Amino acid sequence: MEEKGVEYEPCTVPGTVVYLAAEKEFLGTIVISDTVKPEAKRAIAQLKQSGVKKTVMLTGDRKDVGEAVAESLGIDEVYTDLLGDKVDKVEALLGELGEKEKLGFVGDGINDAPVLSRADIGIAMGSMGSDAAIEAADVVLMDDNILKISSIMRIAGKTLQIVHQNIVFALGVKVLVLILGALGMANMWEAVFADVGVSVIAILNSMRTLKVK
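The opening position of the sequence shown corresponds to residue -7 in this note's numbering, with each subsequent residue numbered one higher.
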């Protein structure tokens, strides 16, 4: 507008701003911006409830756009104007992690593929994501519902808890029966329970994972 000598009203609304003019007369402004998924804010809140310590947004959008979206969703940190340097930022974030901490990345674009591969856990959007992103990801959400990320975490946590229970129970019973057998205090029925009985109980305990939603 300034190069063409057109007087215009600057637009401060976050987004990609397009100024329109004809015959050196300012006509108006069009603002183009991505729409935030309706469930995005709730998904961020659920992730924090599930134990995620910090949420970070990496975007190629302008600073004002990225910061506005991050603030509306309750994201802790945001890095904007990132195009091919997302991997460098992920490397920096990985360097800040503690010994037992992991970094997960959610993306769907072609330029997200290297980041999905570099992160400890890469999650891609299946229906709208690029083939490169899906190929590089560890987890693919086929319906693009980001609320399922917290569900995945709950299912995984419950599964690991049951696995540890089964291992401790099975080894504990077998060691006990082994000691009793060495002392001459265990007969065949105890041995059968230590073998078949423990397996049946472990299977029944594992079925509790079916109730996790």
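Ideal Cβ positions, reconstructed from N, Cα and C, are used throughout, including at glycine.
Model, not experiment: these values are computed from the prediction.
**Prompt:** Taking the alpha-carbon positions, what's the Thr47 to Asp68 distance?
**Reply:** Locating residue 47 in the sequence shown gives position 55, counting from the first residue. Locating residue 68 in the sequence shown gives position 76, counting from the first residue. Cα to Cα, the separation comes out at about 5 Å.
**Request:** Taking the CB atoms as reference points, tell me whether Lys166 and Ala194 lie closer together than 8 Å.
**Result:** The sequence position of residue 166 within the sequence shown is 174, counting from 1. The sequence position of residue 194 within the sequence shown is 202, counting from 1. For Lys166 and Ala194, no; Cβs fall outside 8 Å.
**Message:** Quick check on DSSP: helix, strand or coil for Leu95?
**Reply:** Residue mapping note: residue 95 aligns to position 103 of the sequence shown, counting from 1. In the three-state DSSP reduction, Leu95 falls in the coil class, being neither helix nor strand.
**Item:** Boundaries of the alpha helix (DSSP H) in which Ala13 is found, first to last residue
**Value:** Here residue 13 corresponds to residue number 21 of the sequence shown, with the count starting at 1. No alpha helix (DSSP H) holds Ala13; the beta strand (DSSP E) holding it covers 8 to 14.
**Message:** With distance defined between alpha-carbon atoms, name the residue in Gly58, Glu(-6), Lys150 nearest to Ala13.
**Reply:** Mapped onto the sequence shown, residue 13 falls at position 21. For Ala13, the closest C-alpha among the options Gly58, Glu(-6), Lys150 is that of Glu(-6).
**Request:** Starting from Leu133, trace the beta strand (DSSP E) both ways and give me its first and last residue.
**Result:** One-based indexing of the sequence shown puts residue 133 at position 141. For Leu133, the uninterrupted beta strand (DSSP E) run begins and ends at 131 to 133, by DSSP.
**Message:** Helix, strand or coil for Thr21? Go by DSSP, reduced to three states.
**Reply:** To locate residue 21, count along the sequence shown from 1; it is residue 29. Look at Thr21 here: in three-state DSSP terms it is strand.
**Buried or exposed (CB count within 10 angstroms, at least 16 for buried), Ile171** = Here residue 171 refers to the residue found at position 179 of the sequence shown. So Ile171 ends up on the exposed side.
**Message:** Using C-beta distances below 8 Å, list every residue in its chain close to Val82, excluding the 5 sequence neighbours before and after it, in chain order.
**Reply:** Counted from its first residue, the sequence shown places residue 82 at position 90. Around Val82: Leu50, Leu95, Phe97, Val107, Arg110, Ala111.
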